[in-house]
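In this note's numbering, the protein residues as written are 91 to 710. Heads up, the beta-carbon is just placed ideally off N, CA and C, and yes, glycines get one too. Predicted model only: the values in this text are computed from it and were never measured.
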């Protein structure tokens, strides 16, 4: 790696070097954060992850031939030279910025709300017809991912195509400072990441931070059909170049025709002439990607024939409209991620397929507060109400309610008492959050749900964890009290309670008998803070003691749950009856009924003998 000696790296990171002086002039061969990838001459950066500390693997990388490591901790007996820094992540970014300056390779930086990865792939495919190109792997587009991509660059590379993703203000500024793009490409301004960026104008502001470190005499290539991007004027004396379907753009397309799963054909017009191309990936949105690739290709001196070749030899990426032929079926893998825009694009393509069509869809789990706006839009509302916000909160946290799911009357009663049991225990445990919503409407894989008011807690006391386990058993205990038996519906509750109890004993040091000791080695390799494995570091005798402590915690919690629900049996009945009547109630409605502040019309108490319960339940 050019000019990446330990001396230079120490200076760039503002660190302190520990090791033989003669090693300071040695250049590292690569920079890694994954200990498994460390080899002869590597520099390993130890990152403290959420659950695993990369410093643990310093002896491993030394034995694998690593030249040195970067550490936030002072090493008593260092196995190899190391550089002590205050913050490993800041050191990584500083090194990436410095290394990019040593290479002086033209960089095409790509950002936008959707389509970044497919646009990156298209541009790289086009440029590869003339240059040696290095591109971002997958979607490694955050500050760490971008830095790791930069470290892969070598002097023989002629172009870099880098994807740059953000979800807050200031992030793009920092990414641009590392990459220093010569050409900035922005695909569109959509509705993603509104939680931090608030509005599309906010998204525009955040995305255009890519111009902050644009190289002198650089290039700006943007989607001219986008209403927000079309407002971007001259930046640092650079006039934007526009692409889109409208003929007013410098690069535009017409004669667009779907070729089914073969792709989509179009004619692309440029200031230098026009050409027809078959884009081998279906979807009208791919025309925009081809136009962006064409604009970049012309910027860097490719012929129209070279650009056409790059477009027509484009390869799909796994999880992004990747077509798999099985002989009998055609499977379209577009499951990497979902947002409204990308989902619509996928369904538009599926609509054009011949024969029977099946779409397997999942929830859009990263919409955050955007879900409230979409919830309101589905109802053709012009404003977002508080109810929309509440509904979106439940949808994001738990999943989609399945109101069309048909339950038997017995199933409704079982679910009502089950959720009433949870709700009462959440309410009666002093250190737990009060109830936000209780419902017997199926959601996700559950027959109903009880949701406490969300809170941000950095620290959890032992007593609150014990109370959480108590509340977890509310459903099973309520079933046993009312029906004299219980269903399999509490299996997830039992799993959750057991896992929490085990962590209290083995990880959190919350068992007086076992003491503040970590039982079990975290035998992980570290990459981006992720875990891989776990192994025991104790014998069968200790294992038995651990199991005994877990059983004690569970038994005490279960008995406490029974005690509290027996004391509140009348409240359990009233809550269950309210749920059977309304199906979903707010926390305030629940508390009124629990405290007998609202007199509901009298209803006959449900009495079901155990034989009837077992017989009917076995049929479901």
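For residue 324, no alpha helix (DSSP H) encloses it, and the DSSP letter there is neither H nor E. Annotation: the segment 177 to 211 contains the following complete segments of the alpha helix (DSSP H) (minimum length 4 residues), in chain order: 178 to 193. Non-local C-beta neighbours of residue 210 in its own chain, meaning closer than 7 Å and more than five positions away in sequence, comprise 200, 225, 226, 251, 253, ordered along the chain. Assigned with DSSP and collapsed to three states, residue 634 falls in helix. Put simply, the backbone Cα of residue 353 is about 9 Å away from that of residue 376. Using a C-beta cut-off of 8 Å, the segment 554 to 574 makes contact with the segment 519 to 527, since at least three inter-stretch Cβ pairs fall below that distance.
Just so you know, the alpha carbons of residue 118 and residue 587 end up roughly 48 Å apart. Residue pairing from DSSP places residue 359 in a beta bridge opposite 342, 364. Contact check for residue 262 and residue 297: beta-carbon distance about 6 Å, within the 8 Å limit, so the pair qualifies. Excluding residues up to 5 positions away in sequence, 515, 560, 563, 564, 567 lie with their Cβ nearer than 7 Å to the Cβ of residue 651 in the same chain. Between residue 149 and residue 197, the gap from beta carbon to beta carbon reaches 8 Å or more. For the pair residue 328 and residue 301, the Cα-to-Cα distance works out to about 10 Å. Rounded to whole angstroms, the Cβ separation of residue 189 and residue 259 is 26 Å, and the two are not in contact under 8 Å. Residue 318 counts as buried, since at least 16 other C-beta atoms from the protein chains shown sit within 10 angstroms of its C-beta. Per the coordinates, the alpha-carbon of residue 335 lies some 55 Å from the alpha-carbon of residue 106.
Excluding its 5 nearest sequence neighbours in each direction, residue 115 has C-beta neighbours in its own chain below 7 Å: 95, 97, listed in chain order. Residue 257 and residue 222 do not touch by the CB rule: their CB atoms are close to 32 Å apart, not below 8 Å. By the Cβ-count criterion, residue 159 is buried, with 16 or more other Cβ atoms from all chains shown falling within 10 Å of its own Cβ. Going by DSSP, residue 334 is part of no alpha helix (DSSP H) but of the beta strand (DSSP E) stretching over 331 to 334. Boundaries of the alpha helix (DSSP H) around residue 401: 394 to 402. Rounded to whole angstroms, the gap between the alpha carbons of residue 338 and residue 383 is 18 Å.
Taking the C-beta atoms as reference points, residue 608 is found no nearer than 8 Å to residue 592. In terms of Cβ geometry, residue 403 and residue 504 do not form a close pair [threshold 8 Å]. Rounded to the nearest whole angstrom, the C-alpha separation of residue 245 and residue 333 is 32 Å. When DSSP states are grouped into helix, strand and coil, residue 237 belongs to the helix group.
Counting only runs of 3 or more residues that sit fully inside the segment 255 to 319, the beta strand (DSSP E) segments are 273 to 276, 309 to 313, in chain order. Per DSSP, residue 165 lies in no beta strand (DSSP E) segment and is marked neither H nor E. Contact annotation, residue 662 with residue 537: C-beta distance approximately 17 Å; criterion of less than 8 Å not satisfied. DSSP places residue 507 in the uninterrupted alpha helix (DSSP H) bounded by 499 to 518.
Setting aside the 5 residues that flank it on each side, residue 269 is surrounded in the same chain by 197, 199, 252, each with a C-beta closer than 6 Å to its C-beta; the list follows chain order. 213 is the residue among 180, 213, 629 whose C-alpha sits nearest the C-alpha of residue 390. Comparing alpha-carbon positions, the option among 632, 668, 342 lying closest to residue 380 turns out to be 342.
Your pair residue 178 and residue 122 does not check out as a contact, with CB atoms roughly 12 Å apart and the cut at 8 Å. Following the DSSP letters along the chain, one finds residue 596 inside the alpha helix (DSSP H) bounded by residues 581 to 596. If you draw a straight line from the Cα of residue 499 to the Cα of residue 530, it is about 12 Å long. Membership of residue 174 in the beta strand (DSSP E) is indicated by the continuous run 172 to 174.
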